[in-house]
Amino acid sequence: MAEFEATRGMPAESMVVFGVASDVQLMDRWLPQGLSVHDAGPGTVEAGGSLVPGSGRHEGLIRASEEQLRVEWGGRDHPDYSGWLQVSDAAAGTSEVTVHISLLDEPDTGARADEVRGLLDRSLDNLAGEVQRRVSDAG
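My numbering applies: residue 1 is where the sequence shown begins, and numbers increase by one.
Okay, here's the thing in structure tokens:
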């Protein structure tokens, strides 16, 4: 059983960051290469790509709470996978994002665990870049 968590500062207020992070249409811009997510109806997404176990597309559940600035997800057909993303306010005009991923069928040490940590860090970097674009486009 492996639990992974990473936190990164973001160059915008929490509501802007949450707006980007919770928009399923934008997720492919910041999620790791090899993971593609598409809206499949209320509270449901389809996921595919080389990072998704098995073949074909898989159905997942997603819930975004603007009041809590939190996004939660899990694999409907892969119950060993779930995660959450929490946005919180930081210094003036900035915020912080923490992402937590549970992979119950993965080890928490070794090369695979290091790969997952790297993917998580790159995803947060990509999210910060997408947020920066949103802020720049608005200004």
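Note that beta-carbon positions come from the ideal geometry of N, C-alpha and C, so glycine has one too. Note that this is a predicted model, so its numbers are computed, not measured.
Does DSSP put residue i in a helix, a strand or coil?
i: Asp121; result: helix
i: Asp89; result: strand
i: Gly129; result: helix
i: Asp108; result: coil
On the DSSP bridge list, what partners appear for residue i?
i: Leu140; result: The requested residue 140 is not part of the displayed model; the chain covers only 1 to 139.
i: His98; result: For clarity, residue 98 is Thr in the given sequence; the question names His instead. Note: Thr98 sits in a beta bridge opposite Thr7 and Gln86.
Residue j and residue i - do their beta-carbons sit closer together than 8 Å?
i: Asp28; j: Ser36; result: yes
i: Ala2; j: Asp108; result: yes
i: Asp89; j: Ser82; result: no
i: Asp80; j: Ala6; result: no
i: Val97; j: Arg8; result: yes
i: Leu69; j: Phe18; result: yes
i: Ala40; j: His58; result: no
i: Ala21; j: Leu124; result: no
| request: Jot down the residue ranges of each uninterrupted alpha helix (DSSP H) in the segment 5-87, minimum 4 residues, whole runs only, in chain order. | output: The segment 5-87 is shown to contain whole alpha helix (DSSP H) runs of 4 or more residues at 14-21 and 27-30, in chain order.
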